[in-house]
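A.B. asks:
Residue numbers (the working numbering): 8 to 255.
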């Protein structure tokens, strides 16, 4: 069985390739790609049976790739993601399986076995129509929880538990209502897009707030907001009008 790994982070690709070689006999990794365009080229050249597909990547996500697969290209798909709500969507949309980062070896073995079973029964891996139709409906609903990748596992957090998010170079710091801080290896833009329309607002290039946590807005060029717990944060001038609109 030929497999292709598509993930924007090289360490994730290499780790998964290693696990497949060591624990999944009969699986040959025929290529790796870090974004949609090179992935499509590899798919055309190698005709893999199976895609291990990260959902969030630069220059288009995993669903964009599936939309662009040519007619007659029918690989099985295993979604690999750090975000629980996306994993559940993928499962509902009949992907072969899904894996949460960091990848658990037993779950990987199970996913490969499930793909083998589908291939043996001659099931098509064509997931375009049903998957993408369901995704559009799912995207309209806010995420129920986030699975945040930590060094030693995952922290499951409901959006209501988040007070605000803060950029720290290539990391995002989650400031939780219980006073804890979680530093996650993802840029703030990713979470800003993910939480958009679900009660969160980006008040500054480095800050996203939970609107339910706002206690007061203080006027100024951009102004400031005071959140529960007494946290005071600056609002960028360009974001002031939008903030006042969503605060009502």
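Heads up, the beta-carbon is just placed ideally off N, CA and C, and yes, glycines get one too. Predicted model, so just to flag it, every value in this text is computed and none were measured.
Whose C-alpha, out of 27, 28, 45, 35, is nearest the C-alpha of residue 15?
C.D. replies: The shortest Cα separation from residue 15 among 27, 28, 45, 35 belongs to 45.
A.B. asks: Relative to the C-alpha of residue 76, which candidate in 47, 64, 52 has its C-alpha closest?
C.D. replies: 47
A.B. asks: By DSSP's criteria, residue 217 is part of a beta bridge. Which residues make up the other side?
C.D. replies: 207
A.B. asks: Going by CA-CA distance only, name the one from 50, 85, 87, 62 that's closest to residue 78.
C.D. replies: 50
A.B. asks: Taking contact to mean 3 or more Cβ pairs, one atom from each stretch, closer than 8 Å, check whether the segment 51 to 66 and the segment 15 to 30 are in contact.
C.D. replies: yes
A.B. asks: Leaving aside the five residues before and after residue 250 along the sequence, list all residues of the same chain whose C-beta is less than 7 Å from its C-beta, in chain order.
C.D. replies: 208, 210, 242
A.B. asks: Apart from the five residues just before and just after residue 246, which ones in its own chain have a Cβ nearer than 6 Å to its Cβ?
C.D. replies: 210
A.B. asks: Would you say residue 210 reaches chain B, if we count a Cβ-Cβ gap shorter than 8 Å as a contact?
C.D. replies: Looking for chain B here will not work: only one protein chain is present.
A.B. asks: Should residue 161 and residue 26 be called a contact, given that it needs their Cβ atoms to be closer than 8 Å?
C.D. replies: Judged by beta-carbon spacing, residue 26 lies beyond the 8 Å limit of residue 161, meaning their Cβ atoms are not closer than that value.
A.B. asks: Residues bridged to residue 191 by DSSP?
C.D. replies: 179
A.B. asks: According to DSSP, which residues form a beta bridge with residue 82?
C.D. replies: Paired residues: none, contrary to the question.
A.B. asks: Suppose you measure from the CA of residue 171 to the CA of residue 118; what does that come to, to the nearest Å?
C.D. replies: 35 Å
A.B. asks: Roughly how many angstroms separate the alpha carbons of residue 106 and residue 153, rounded to a whole number?
C.D. replies: 14 Å
A.B. asks: From 228, 234, 112, 229, pick the residue whose C-alpha is nearest to that of residue 216; which is it?
C.D. replies: 234
A.B. asks: If residue 181 sits next to residue 164, beta carbons under 8 Å apart, how far is it from one beta carbon to the other, in whole angstroms?
C.D. replies: 7 Å
A.B. asks: Starting from residue 40 and walking both ways along the alpha helix (DSSP H), at which residues does that stretch end?
C.D. replies: Following the DSSP letters along the chain, one finds residue 40 in no alpha helix (DSSP H) but inside the beta strand (DSSP E) bounded by residues 35 to 40.
A.B. asks: So, for residue 244: in the same chain, excluding its five sequence neighbours on each side, which residues have a beta-carbon less than 8 Å away from its beta-carbon?
C.D. replies: 228, 229
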